[in-house]
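This report concerns only the one structure given below.
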Amino acid sequence: MNVFRDSPPAADAVPSARPTPSPSLRRRLTELRGPGIHPRALDARALAALAANPGCRRRALLDGAGVDKAALAQALGSPAGHGQSRFALARGNSFEARVKADGGAELLRLLHARLPSGTPAPEEGEVAAPELTAAGPEGRAARTALALREATAAGGWTLLDHPLLAVDVAGSPAYVEPDAVVVRPDGVWTVVEIKSFPMIDGAADAAKVGAAARQAAVYVHALEGVAAQVTAHGEGPARVGERVLLVCPQDFSNLPTAAAVDIRKQLATTRRQLARLTRVEEIAAALPPDTTFDLRLTDDGRTATRPADELADAVETVDAAYAPECLAACELAFHCRARSREQGAVESLGRGVRGELGSLRTIEEVLAAAGAPTADAPGCGAQPAAPEHTPTDPGPDPDDPDDDADPALAALRRAARLRAEALAAAAPPVPVPRTAPGAEDPVCR
Amino acid sequence: MPLIETLARMEAAAAGAARPLTTVRHRHLSDRPLVCVPLTTAGEAGAPLGALVGTDRERPLLLTVAQPRDRDLRFAFLAELADAVLPYLDGFADAVGHEERKETDPETGRKVTVQVELCADAPQLIVPSTAGAAYMRLLGRSTRFRRTAEQDPEAPYPAPPRVPLLGRWLTHLGERARVPGSCLLLPMTELLTRHWATGQSALEDQHLGALLAWIDPPDGHSGRTAAEHAESARDADGILRCPPAGPATDPAFDNTLLAPAMARYDAGVPGAAEELRELIGGQLRPTWDAVWRGYDLLRALPPGGHVADRWKRDRWSYTAHRDRVRAGEPPQPRRDDAVTAARKLASRETAQAQLDAQEALDDPLVMAGRRLAGEAFAGEVTAVEEAFSDGPRPMPRPLVTLRTTDTPLLTDGARLHRPLPDGKAQSAVFVAYGEGAAGSLTVRLTGGMGRGKVPAPGSVPEPGETVCWTLFEHAPRGGPQLPEPEDTPWTHGGPPASAPEGDTPDPTTPEDFL
Amino acid sequence: MTGAPWTSPAAPGPGGTEPFDPGAAATAATDAILHDTLHGTRPGVVVDSPPGAGKSTLVVRAARELAAAGHPLMIVAQTNAQVDDLVLRLAEKDPGLPVGRLHGSEAGTVDPALAALPEVRASAKIGDLAGMDVVVSTAAKWAHTKVEEGWRHAIVDEAYQMRSDTLLAVAGLFERALFVGDPGQLDPFSVVGAEQWAGLAYDPSASAVATLLAHNPDLPQHRLPVSWRLPASAAPLVSDAFYPFTRFRSGTGPGDRSLAFGTAGDGSGVDRVLDEAAASGWGLLELPARHTPRTDPEAVRAVALVVRRLLDRGTVATSERGPGPEPVTAARIAVGTAHRDQAAAVRAALAELGVGGVVVDTANRLQGREYDVTVVLHPLSGRPDATAFHLETGRLCVLASRHRHACVVVCRAGVAELLDEHPSTDPVQLGVTVKFPDGWEAHHAVLARLAEHRVGWRP
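Residue numbers (the UniProt record's numbering), protein chains in the order written: chain L, 1 to 445; chain B, 1 to 514; chain D, 1 to 459.
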C-alpha cells in the first residue's frame, strides 16, 4: 500500500475542519526528526494502531512527528522483530487480484448478496470503473473525490479500485488507500477490505477481523469528509456505510467469500483518537529545548552515527506507557520493555496486574510491602525456593495497624503469608533432571 | 490475574527464575505421549510445511513439504502424518476394561444398567503451544471432509486413504482439548504456565523457548536474559537463533533461507529437496527438544489426587470416539447444531467448576489462592456445641466455632463444604461471626455425619483441629436437561435439516492450497 | 452464515418535543402487547422494558388475563427471589387465583411469606401443582421438569438475562410465549470460552432473546415507552446513554418529585453533594485522583458518609405516589458497587458509622430493584486500567437506573483520562451483532453529565 504524507493539502479532497499546525510546531517536529528527514507516512494500519495504546505519550509524539520508529529502534540496539513473509505477501496479492478480476464482478456479487433482498443486482457491463491515476498523492486524492462525486450523481454502480483518501492527522493530511470503494445506486459508499486470512465455515480469526475493522474505520472516517462535501455541494445525498465488506478466501480454497462488518465502534474510537492527536503540540512543548531523535544518518541514508545512549536519553525525555501488548503493535517496544524491566515496573508483567496493587508501581515496592523474599540471585534454578530465608528488610510491620488500613498492602501481606505457608507445607520438590549439556548454544537447546 | 499469581510472578522477576504456582502436577502425563511439532506456510490456511512427530524423543520422524503449492506433496505429507499418528491412536483401542453405566432402554424407556467397554488407557498428543493445538484442529477440519478414491471414484482430487480418518481424530482431540482439565491434546506452554509463574507477562509466556528459559535457566544465566535470548537473538544473517515454536515460521527465515531454497527446488537443482528437508528440520528440532524438556520438568512433580479421575473422563472420550469410528458414523459436522452446542457448553462449564474445585482440594497452594479470594477459609476449631434439627426426627446439627485469619465473603446462610478423609464432602451453613474475638465464626454442620441420631465417629471436627471450608461445591454437577436434536424447539429454529452437511466435501479449485 | 443483515439500526423512538401523555402511551403499549399475547398468530411476543417501566406489572396483568381467558400458563423467571416476588404480586392483585410455586428440593429456597397465601401452593414436584392456573418457577428448575403435556402459554421474565441454552432446555414445555426483559442490563455470560459458536443464531452463550429473534425475526416486538421509576432528571440521560435506538421517557415531570432535608448542610463536600443531588437528581462526589485497590478506603468511607448524612439530615421525598413528604429511611436507600469485596467494605464502613438496614450490593444483584436514593461507587474509580468487566454497558446502566429521586456517584478524579487511554484492540467475531453504544461511549456520556454536578472533596 502506497501512502504519502505532508504534502500541501489538495483543495477539494481534504476535510478542512481542523487548523493546520502552527509553523512553530511544524518546525519543532522537523527538529525532532532531524534536518532533512522526511516524515514517515502514517498509513491506515498505523492510524488504526494509535488506538492500541493511546496512553503512550512517547508513541503519540514519535508518530505525530513522523519519526521512523523502526530505524530508531534499530539504532537503539533493540530492533523490532516485525516483518512479513514473502509467501504471505505473494498470497495476499494473488488473492486480491483474483477478487478484482473481470472488472470486480465477483466482488460486486458478494456485496449485492449481503444487501437487503430486492436490491437490483448490477448488470454486466453496468458497473463504472473510473480511472483514478493522477500525479502525486494530492492529485490522486482529488481524482478520487471527483470520481466519488460523479458516481454518486450518476446514481449507478461504481467500483473504485485503490482510491486515495486524505485524513487530517493533527492538522496535516495523511493519505490512506482502501482496497476498494463501491458506490451504490442509492448513494451509499461501501468500503471493501480484502484480506488473505480464511473464513472457515463462516468464522474467521477474531483478532485479525478486529484489526481489519479498525483499519476500515480509518477509511470510513476519511470517506465521510468527502461525502460531507459532496452533500454540501448538492450533488446528491452521499452516505458512507457503517458496515464494510470484508472479503476473504473461503475455507481452504482460493474462492472469495465475504462478511459485512459493523464498524461503528471502531469509527467512534478512530474519531476520538485522531482528535486527541492534537496533544502532540503539548507533548512537544514539554520537551527540553534541544531534544531530537535525529539518527544522524550517513550519506547512504542507512547507518546511524548517533550514539545509542544519547538516543536513549532523548527517547527517555518523553514517557512511555509500556505494556506487553506493545510487543505486537509498536516497533519501539523491545526498547521500552528493556527500560520497563530495568525499572522493575509492575506493568512489565502485564497491564492486568496493576488492578490490585493500588499506588505501588515497582516490583521492589510490591515485594517489600508483601514482606516477601526479594532474592536477586540470577539463575538460581528451576525449583521452588520456598521462602526459607527471611528477608533482611521485612517490609512494613505486619502488626502495624496503619499499614493494614491500606487494603492493597493488607492483601499483599496475606497473599505472601498464604503462599509461604502452602509452599512450606508441601512435600519437598523432587529435583529436576537437567537435560544433558553440550548443545552448541548454551541457551537455545 | 489473581493477586497470589501476581505475587509469584514478581518473586520470579526478582529472583531471575520461575516460581511454583502449584505443589503438585494437575494434569495427567502419559508414559508414552505422542509429540507433534508442526510448521505451516505463511499466508496459507492449513498448508503444512513440515512436522516432527513421534513417541521417541531421540528419533522423531521428520516430515517436510518441499513445495506447499504442490497438492501431491501436501497429500503425501498428510498420508505420512496419518501413518505416524493413526497407529499410535489405534494402539489404545483394544486394551479394554468394563464399566457399568445406566442407559435408557429404547423399548421400555426404563433406566437399565449395561456393561460397556472402557479403554484402559488413552493416547496423549502434546504440541508446543496453543497455536499448535489450534493448528491440529485446523488440519482436522481441512482433512475430515476429503474424499478418497475408494469413497468416491469421481472425486477430482482424491485424498490418500487414511487422511480423512486422521482428520476425524484430530477434530475429536481438538474438541476435547476445549474441555477444561482434559488431557488428550495438550499444548506444552499451557502445561508449564499452569505450574510455574515466570518473571514475564502471560503474553510472553506463549513463547515456549522463553518460558522454559525462566523455568529452567541455563547455568550462569538469569531467566530474563535467557528468555530475551530465546525470543529475539539473531545471527549475522538476521535469522532467529532459537526458531519459534510454530506453527508460524520466522519471516526472516522464510525470506532469507526458505524462499531461495524453494526456488532451487522448483528449478530442479539437484540436492534442493534434501537442503529443504534440512532447513525445515533445523527449525523444528529445537522446539521438539524443548517440548521434551518441559515434559521432564512436569514429570518430576507428583500428580494431584484427582488427576486420575479426570483422565478417566478422557478415556471415556477416547472410547466413545473409537466406537463412532468403528460404527462408520460420518465425520463431525462443520458447525454444531443448537443442542450439541448447548451440551458441549454445559459439559465444559461443569468440567471447569470441577477442575477449579479439585485443583484446590489437591493442592494447598491453589487453595491458598481461593482463600485469598474469599472463596474458602481455614482455621482452628475452638468450640463444638451439640445441636439438633427441628422436626419429628431430630438429626445432629452441631455448631462448630473456629478462628481464622482468612476473610471469606460470606452471606447469611451461605452453604459451605469441607473434604472428609473418605473423599466425600461435608456440608454446613454459615451461622454468624463471633462476638468479640476477631476472626471467630460459627458454622452449623448439615451433612456428612451418617444417618444416625449421633454423628458418625470422626465426622465432627474437634477443638484444636484445623479445618478448611470452601464456599464452592466439591463435585459440582450442572447443565440443564436438553432435548434431543430432533426435538429442537421453534425458538432455536426447530429440528436441524435431516441430511447433515457433514458428508459433503469442500469446494476445490485447481490452484487451491489444500 | 454471512454476517449481520445489511440494514440500518431501528429509528429512534419517542423523544421529540410533541406533547406527551405518559399514561396514554403506556396504556397503548400494554394494550397492544396483551392483544398480541392473547390473540396474535405468531408463537412469540417480545417486550423490551427499560428500567422501571412496569415490567412486573405487565407480567402480572398478562398472567391474569391469560388465566381469565381459560389459558393456564407457566412463568419462567431467572432467580428464586424473582419467582417469589412474582407470586406475591400475583396473589396481591388476585388473591383468588390458584398459583403454583415450583421449587427445588433444597430447603430454604422459598420465601416463607408464601405459606400465608391461601391459593398459593408450593411444591418441588410438578405433579402436585396440576390444575393450577399459573405455575411459576426458575428457568433452572423448569429445565429439569418433565411433563406429559406442556402448556399452551408461557411468560418468560428477565428474558435478556437468560441464556440461549437455558431457553433451549425449557422451550419444549410451551407452545407460545411472551418474552419480557430489559435489553440494557447485564448480559448473561459463560465461565468457559464459547467463541467457537460466536455468530451462530443459537450460540448457547448468547441471550435467549438474541437467539429467539435470530430464528424468528418476524415476531412482534414491543417496548414499554415510559419509566415510572426514573425521575425526569434521569430518564433522558439513561435513555440517551443506554437505549439510543429505543428511547423512553419519564412518567413524571420535572416538578413532580423532590427531595428535602430537615437540616441544612454543614458545608462539607458530603453535604454539598447531597444538596446538589436533591436539586438536580445527580451528584458526583469527586475525590482526588489516585490509583487505589478496589476497596479504596477513602472512597468506601465517602460512600458510607453520604449515606450517614442522608439519614442524619432528615431527608424527605415528595412524589406523585403520596399526598405529602415521606421520610427517606434506610430501607429506601441502596449502595451499588461493581465488586463483591467493595460491597463488603461499604457494609463494614456503614456498620462503623452505626448505619444498618441499607442494602449494599453489586450491580448484578441490584438488577430489577428500586430505591428512592442510590449511592454508587463508580466502577472505574481509582482504577489504573479499565477492563471489559468495568466497561460493560449493562453494569453502569444498572447502577445509574435504580433510583426514583436522586443518585450520588462517588468517584476518584481521572476517569475520563483513563477512558481515553484505554486501548481499543477488541477482537471482532463475524456475524455477532454489535452492542451499541459500547460501554466506553456510555461511560463517557454518563461522566459528561455527572461533571455538571461535581463536588470536589478531599477527605
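Note that CB positions come from ideal geometry on N, CA and C, so glycine has one too. Since this is a predicted model, take the numbers as computed values, not measurements.
According to DSSP, residues forming a beta bridge with B:P20:
For the purposes of this step, residue 20 of chain B is taken as the residue at position 20 of the second sequence. In DSSP, B:P20 forms a bridge with B:W196.
In the DSSP assignment, find the alpha helix (DSSP H) that holds B:Q352 and state where it starts and stops.
As a working note, residue 352 of chain B is residue 352 in the second sequence. If you look at B:Q352, you'll find it in the alpha helix (DSSP H) that goes 338-362.
Buried or exposed (CB count within 10 angstroms, at least 16 for buried), D:A67:
Position 67 of the third sequence, counting from 1, holds the residue named residue 67 of chain D. Answer is buried; the Cβ neighbour count reaches 16.
Span of the alpha helix (DSSP H) around B:M136:
What you label residue 136 of chain B is simply residue 136 of the second sequence in a count that begins at 1. B:M136 -> alpha helix (DSSP H) spans 130-144.
Within a Cβ cutoff of 8 Å, which residues of the same chain sit near L:L255, ignoring the five residues on either side of it in sequence?
On the first sequence, position 255 is the one that residue 255 of chain L refers to. When the five nearest sequence neighbours on each side are left out, the beta carbons in the same chain lying within less than 8 Å of the beta carbon of L:L255 are those of P249, in order along the chain.
Any alpha helix (DSSP H) of 4 or more consecutive residues that is wholly inside the stretch 201-257 of chain D:
Fully enclosed alpha helix (DSSP H) runs of 4 or longer: 208-215, 235-242.
Can we say the stretch 17-24 of chain B touches the stretch 188-201 of chain B, given the rule of at least three CB pairs closer than 8 Å?
With a cut-off of 8 Å, the stretch 188-201 of chain B and the stretch 17-24 of chain B count as touching, because enough Cβ pairs lie within range.
Assign D:H403 to one of two classes, buried (16 or more other C-beta atoms within 10 Å of its C-beta) or exposed (fewer than that).
Residue mapping note: residue 403 of chain D aligns to position 403 of the third sequence, counting from 1. Burial call: buried.
Residue ranges of each alpha helix (DSSP H) run of no fewer than 4 residues wholly in the stretch 84-169 of chain D, ordered along the chain?
Qualifying alpha helix (DSSP H) stretches, in chain order: 139-142.
Can you give me the C-alpha to C-alpha distance between L:V280 and D:L200, rounded to a whole angstrom?
For this step, residue 280 of chain L is matched to residue 280 along the first sequence. For this step, residue 200 of chain D is matched to residue 200 along the third sequence. Cα to Cα, the separation comes out at about 44 Å.
Could you pull out every residue in the same chain whose Cβ sits closer than 6 Å to the Cβ of D:P325, ignoring the five residues on either side in sequence?
Along the third sequence, read from residue 1 onward, the residue named residue 325 of chain D stands at position 325. Contacts found: V316, T318.
For the stretch 425-445 of chain D, list every residue whose C-beta sits within 7 Å of some C-beta in chain L, in sequence order.
Here the close residues are T425, D426, P427, V428, Q429, L430, G431, V434, F436, D438, E441.
Give the residues of chain L in contact with B:I239, contact being defined as C-beta atoms less than 9 Å apart.
For this step, residue 239 of chain B is matched to residue 239 along the second sequence. Within chain L, no residue comes near B:I239; the closest Cβ sits about 12 Å away, beyond 9 Å.
Which class does D:W282 belong to by DSSP, given the choice of helix, strand or coil?
Counting from 1 along the third sequence, the entry for residue 282 of chain D is found at position 282. The DSSP-derived three-state label of D:W282 is strand.
Buried/exposed call for L:G210, threshold 16 Cβ in 10 Å:
Indexing the first sequence from 1 puts residue 210 of chain L at position 210. Using a 10 angstroms sphere on the CB of L:G210, the tally of other CB atoms reaches 16 or more, which defines it as buried.
Closer than 7 Å to chain D by CB, B:P483
Here residue 483 of chain B refers to the residue found at position 483 of the second sequence. Closer than 7 Å to some Cβ of chain D, the Cβ of B:P483 qualifies, so yes.
Please identify the residue among B:A378, B:A346, B:A414 whose C-alpha is closest to the C-alpha of B:P461.
As a first step, residue 461 of chain B must be located in the second sequence, where it is residue number 461. Closest by alpha carbon: B:A378.
Can you tell me whether L:N93 is buried or exposed? The criterion is at least 16 other CB atoms within 10 Å of its CB, across all chains shown.
Translated into positions along the first sequence, residue 93 of chain L becomes position 93. Of the other Cβ atoms in all chains shown, fewer than 16 fall within 10 Å of the Cβ of L:N93; this residue is therefore exposed.
Once you ignore the five residues that flank B:D83 on each side, which residues in its own chain have a CB closer than 8 Å to its CB?
The sequence position of residue 83 of chain B within the second sequence is 83, counting from 1. Contacts found: R162.
Under 8 Å, with one C-beta from each stretch per pair, do the stretch 72-88 of chain L and the stretch 324-340 of chain L reach the 3-pair mark?
Result yes; three or more Cβ-Cβ pairs closer than 8 Å.
Buried or exposed, going by whether 16 or more other CB atoms sit within 10 Å of the CB of L:T144?
Residue mapping note: residue 144 of chain L aligns to position 144 of the first sequence, counting from 1. When all chains shown are included, L:T144 counts as buried.
Would you mind stating whether D:L430 and L:A259 have Cβ atoms separated by less than 7 Å?
Taking the first residue of the third sequence as 1, we reach residue 430 of chain D at position 430. Taking the first residue of the first sequence as 1, we reach residue 259 of chain L at position 259. In this structure, L:A259 lies closer than 7 Å to D:L430 by Cβ.
When we look at the beta-carbon of L:K265 and count the other beta-carbons within 10 Å, is it buried (16 or more) or exposed?
Taking the first residue of the first sequence as position 1, residue 265 of chain L is located at position 265. For L:K265, the number of other beta carbons within 10 angstroms of its own is at least 16, and it is reported as buried.
Under three-state DSSP, which class holds B:Q426?
Residue mapping note: residue 426 of chain B aligns to position 426 of the second sequence, counting from 1. Correct three-state label for B:Q426: strand.
If we define contact as Cβ-Cβ less than 7 Å, is D:H422 a contact residue for chain E?
This model lacks chain E altogether, as its protein chains are L, B and D.
Can you list the residues of chain L that D:H291 reaches, using a CB-CB cut of under 9 Å?
Stepping through the third sequence from its first residue, residue 291 of chain D is reached at position 291. Those are R354, L357, G358, S359, L360, R361, listed as they occur along chain L.
Identify each residue in the stretch 124-147 of chain B for which the Cβ-Cβ distance to at least one residue of chain D is less than 8 Å, and report them in chain order.
If the cut-off is 8 Å between Cβ atoms, the stretch 124-147 of chain B has nothing near chain D.
By the criterion of Cβ-Cβ separation under 8 Å, what are the contact partners of D:G199 in chain L?
Walking along the third sequence from the start, residue 199 of chain D turns up at place 199. G202, A203, listed in chain order.
Establish whether the CB of D:R340 and some CB of chain B are separated by less than 7 Å.
Locating residue 340 of chain D in the third sequence gives position 340, where the first residue counts as 1. Nearest CB-CB separation between D:R340 and chain B: below the 7 Å threshold.
Would residue 470 of chain D count as contacting chain L if we go by Cβ distances under 7 Å?
Only positions 1 to 459 of chain D appear in this structure, which leaves residue 470 of chain D out of reach.
For D:G456, is the classification buried or exposed, using 16 other Cβ atoms within 10 angstroms of its Cβ as the cut-off for buried?
Locating residue 456 of chain D in the third sequence gives position 456, counting from the first residue. Counting Cβ neighbours within 10 Å, D:G456 comes out exposed, since fewer than 16 surround it.
Is there contact here, the stretch 322-333 of chain L with the stretch 55-72 of chain L, by at least three beta-carbon pairs under 8 Å?
A contact exists between the stretch 322-333 of chain L and the stretch 55-72 of chain L.
Under 8 Å, with one C-beta from each stretch per pair, do the stretch 208-223 of chain B and the stretch 378-392 of chain B reach the 3-pair mark?
Taking one beta carbon from each stretch, the stretch 208-223 of chain B and the stretch 378-392 of chain B have fewer than 3 pairs nearer than 8 Å; the two do not touch.
Return helix, strand or coil for residue 516 of chain B, following the three-state DSSP convention.
Look at the range of chain B in this structure, 1 to 514, and you will see that residue 516 of chain B is not part of it.
Chain-ordered neighbours of B:I4 on chain L, where CB pairs are closer than 8 Å
What you label residue 4 of chain B is simply residue 4 of the second sequence in a count that begins at 1. Going along chain L in sequence order, the residues near B:I4 (Cβ under 8 Å) are A415, L418, R419.
Unbroken beta strand (DSSP E) runs of length 3 or more, entirely within the stretch 262-300 of chain L: which are they?
For the stretch 262-300 of chain L, there is no continuous beta strand (DSSP E) assignment of 3+ residues that stays within its boundaries.
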